[in-house]
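Participant:
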Amino acid sequence: MEIYLFRTFSWLQHSSSDQRFPGFSTPAVTNVFLASRITQLLNVWPSADGGSQCFEPPTRLISTGTRVCVCTKTPVVGAKGQTEVLRPGDKRDQMCGMGHLAWVICLLTVSQLVRSSAAQGFIYTKDSCLDLVPRHRDTLKMDEKKEEPNHVKEPTDNTTTTTNTTTTKQRPPAAPEVTMYSGDVQVKVMTSEDNYRRLKTLVVTLQSASYFNGFMLQARKVSGNKEIVGRFMEVPHRAEYLTCPNGTENTVVHQDAPLRLSNLSFTWMAPETDLGPIEFVASVLLNSATQYKEFKSGQLKLSLYPVSTKECAVAKSCFRYCMKNGGHQCKAHMSRYMATLEYMDKKTKVKITIGGQLPESDGYLALGFSKDRHRLSDADINVCYRDDADTVGVEHYLLADINHPPDLHLGELKLDSSDVDGDYVWCSFVRPLTGQDNDLLNLKDPHYYFYFWGMRNASNIFMPSSNHIKSSGRMMSLKDDLFNQIAYSGSRSHRRVPYTIVAAAILLLGVHFLCW
Numbered sequence: 014m015e016i017y018l019f020r021t022f023s024w025l026q027h028s029s030s031d032q033r034f035p036g037f038s039t040p041a042v043t044n045v046f047l048a049s050r051i052t053q054l055l056n057v058w059p060s061a062d063g064g065s066q067c068f069e070p071p072t073r074l075i076s077t078g079t080r081v082c083v084c085t086k087t088p089v090v091g092a093k094g095q096t097e098v099l100r101p102g103d104k105r106d107q108m109c110g111m112g113h114l115a116w117v118i119c120l121l122t123v124s125q126l127v128r129s130s131a132a133q134g135f136i137y138t139k140d141s142c143l144d145l146v147p148r149h150r151d152t153l154k155m156d157e158k159k160e161e162p163n164h165v166k167e168p169t170d171n172t173t174t175t176t177n178t179t180t181t182k183q184r185p186p187a188a189p190e191v192t193m194y195s196g197d198v199q200v201k202v203m204t205s206e207d208n209y210r211r212l213k214t215l216v217v218t219l220q221s222a223s224y225f226n227g228f229m230l231q232a233r234k235v236s237g238n239k240e241i242v243g244r245f246m247e248v249p250h251r252a253e254y255l256t257c258p259n260g261t262e263n264t265v266v267h268q269d270a271p272l273r274l275s276n277l278s279f280t281w282m283a284p285e286t287d288l289g290p291i292e293f294v295a296s297v298l299l300n301s302a303t304q305y306k307e308f309k310s311g312q313l314k315l316s317l318y319p320v321s322t323k324e325c326a327v328a329k330s331c332f333r334y335c336m337k338n339g340g341h342q343c344k345a346h347m348s349r350y351m352a353t354l355e356y357m358d359k360k361t362k363v364k365i366t367i368g369g370q371l372p373e374s375d376g377y378l379a380l381g382f383s384k385d386r387h388r389l390s391d392a393d394i395n396v397c398y399r400d401d402a403d404t405v406g407v408e409h410y411l412l413a414d415i416n417h418p419p420d421l422h423l424g425e426l427k428l429d430s431s432d433v434d435g436d437y438v439w440c441s442f443v444r445p446l447t448g449q450d451n452d453l454l455n456l457k458d459p460h461y462y463f464y465f466w467g468m469r470n471a472s473n474i475f476m477p478s479s480n481h482i483k484s485s486g487r488m489m490s491l492k493d494d495l496f497n498q499i500a501y502s503g504s505r506s507h508r509r510v511p512y513t514i515v516a517a518a519i520l521l522l523g524v525h526f527l528c529w
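Residue numbering for the sequence shown follows our numbering, starting at 14 and increasing by one per position.
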């Protein structure tokens, strides 16, 4: 039994090493070829009715006490020199035929597994990070550079010998190289957004009407050295992260398994920096993982919003109000409210950007200036609003004091840019600092800064209660340094009594008790 099994598996291993059988292109024809070849090895020949029969009566080989059915043209003599002829119609004759059929099925299954494993010879590794070209498994073995020590004895001045150890690199035979796919299968790389936003996520989808066998997916800068950017946050269950240069988890590949894939979705997050135009690039394995082809998405540009917080107190002044889940750094995309002031044209103009959460329509975000900290007398209020149609606009109001509704200001504001991102609304506009146009407030003078939000109708805004209005806490002017102020919900500013006053009070109490 061991003899013909060894012959069969040796032939299967030799045949499957080329990943295909000469002259046979389909699995059905290949299986017929395998069945015929295996039956030849076992001296079992297919009959006209599709069954199996022997030219000579089957014999029983007695070698270790175990009965084994072997169909041969001549009786086989076992280790003990005993043979037994099975008579036609004997039950052992039927068992012999069924045993051959079982072995044929088992060997066919093994051959299919071997061929499937051979078809998955190309995979994506860290060596594919830059060129997106899959590597053969044997190539990976070559890169391991197996080394064996060689000991060489050299004489010294004292006629003794020393042993120096060198290494010799041994490489396995050259592995096959992957070829470019030129067929009709197309894989679309689609994104959920036309632009990318700082520290915001978007969904990337590999969509195909046909199956593919593997992939490598990255986001890359379009210009320059096309470096890999961003980070993948969520991947399908048949995918895994791969860390390539310039970041962690910036690449996704398929699991090392024989797969048929289609329509996969990934969640990717952009960094805070401006990357310029980017694109998503997918290298896809096709044709039973023997060929590959690259597919790209359209180019995505950086959205102006949310604004960057890295320039706060460096190139512009910033105020942010964050909820408890906004994190310690209170990034712009996590803040409840944010306002920035950036001076322009030799400090003759200021660019004001207001943004934050407006989950409901008919809401507004506002930035106000006044010299009255408590009543907001003669306050200049700049408003960014969102209406029922998700239209974003700016309005200018003049407030007599906190007890009166605001009135529209004579000096209108012109919207420079805006954006709606789910519940978040952003708008930017430019206004002069000097106040010479339409009696605008002169922002060069010291003022308190007020930050708040509320509801509006078609003709006016509704002021919130005074305890919902955040302020700068001190008067600020153009001469002051740029600031970066952060406030958190639920936090209260506790003013500490100077230590000199506390010490004086204790001293007076002590003297009082001593004298009393």
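Glycine residues also receive a C-beta, built at the ideal position from the N, C-alpha and C atoms. Small disclaimer: the values here were computed from a predicted structure and weren't measured.
#1: Would you be able to state if there are at least three C-beta pairs under 8 Å between the segment 328–335 and the segment 209–221?
#2: What do you get for Thr204, buried or exposed, if any count of 16 or more other CB atoms within 10 angstroms of its CB means buried?
#3: Can you list, in chain order, the residues of its chain with a C-beta nearer than 8 Å to that of Lys362? Leave out the 5 residues immediately preceding and following it.
#4: Nearest to Arg211 by CA position, among Tyr464, Leu315, Pro459, Ser479, is which residue?
#5: Which class does Arg150 belong to by DSSP, given the choice of helix, strand or coil?
#6: When burial is assigned at 16 or more other CB atoms within 10 Å of the CB, is His417 buried or exposed?
#7: I need the boundaries of the beta strand (DSSP E) containing Pro372, first residue and last residue.
#8: Bridge partners of Val396, per DSSP?
#9: How big is the Cα-Cα spacing for Pro319 and Thr192?
#10: When DSSP labels each residue in this structure, what does Ala345 get in the three-state scheme?
#11: Rounded to the nearest angstrom, how far is the Cβ of Tyr334 from that of Ser383, given a contact under 8 Å?
#12: Check whether the segment 277–290 and the segment 231–238 touch, using three or more Cβ-Cβ pairs below 8 Å as the test.
#13: Taking only runs that begin and end inside the segment 211–265, name each unbroken beta strand (DSSP E) of 3 or more residues, in chain order.
#14: Taking C-alpha atoms, which residue in Leu313, Ala283, Gln312, Glu292 lies nearest to Ser321?
#15: Extract the residue ranges of the alpha helix (DSSP H) inside the segment 288–314, only unbroken runs of 4 or more that lie entirely within it.
#16: Once DSSP output is grouped into helix, strand and coil, what is the label at Pro70?
#17: How about the segment 386–396 and the segment 407–427: do they share at least three Cβ pairs that are nearer than 8 Å?
#18: Taking DSSP as the reference, what is the three-state secondary structure of Ser479?
#19: Going by DSSP, name the residue or residues bridged to Asn208.
#20: Which value, in whole angstroms, describes the spacing of the CA atoms of Thr264 and Arg251?
#21: Suppose the cutoff is 7 Å on Cβ atoms and the five residues either side in sequence are ignored; what does the same chain contact list for Phe465 look like?
Facilitator: Walking through what the data contain:
#1: No, the segment 209–221 does not touch the segment 328–335.
#2: With 16 or more Cβ atoms within 10 Å of its Cβ, Thr204 is classed as buried.
#3: Taken in chain order, the residues that qualify are Tyr356, Val443, Arg444, Pro445, Leu446.
#4: The option with the nearest alpha carbon to Arg211 is Leu315.
#5: When secondary structure is reduced to three states using DSSP, Arg150 falls in the helix class.
#6: Around the Cβ of His417, a 10 Å sphere holds fewer than 16 other Cβ atoms; the residue is exposed.
#7: For Pro372, no beta strand (DSSP E) run applies, since DSSP gives it neither H nor E.
#8: Answer is Ala379, Glu408, bridged to Val396.
#9: Answer to the nearest angstrom: the Cα atoms are 43 Å apart.
#10: If DSSP states are grouped into helix, strand and coil, Ala345 belongs with the helices.
#11: In fact, because the Cβ distance is near 19 Å, the residues do not count as touching under 8 Å.
#12: Cβ pair count under 8 Å is three or more, so yes.
#13: Within the segment 211–265, the complete beta strand (DSSP E) runs of at least 3 residues are 214–220, 227–234, 244–247, 252–255.
#14: The residue from Leu313, Ala283, Gln312, Glu292 with its alpha-carbon nearest to that of Ser321 is Ala283.
#15: Every candidate alpha helix (DSSP H) stretch fails here, since none sits fully inside the segment 288–314 while reaching 4 residues.
#16: In this prediction, Pro70 scores a pLDDT of 44, lower than 50, which makes its location untrustworthy; the coordinate-derived value is nonetheless stated afterwards. If DSSP states are grouped into helix, strand and coil, Pro70 belongs with coil.
#17: Touching, yes, given that three or more Cβ pairs across the two stretches are closer than 8 Å.
#18: In the structure shown, Ser479 sits in a helix (DSSP, three-state: H, G or I).
#19: Looking at the DSSP assignment, Asn208 forms a beta bridge with Lys314.
#20: The straight-line gap from Cα to Cα measures roughly 14 Å.
#21: Cβ within range, chain order: Ala379, Pro477, His481, Ile482, Lys483.
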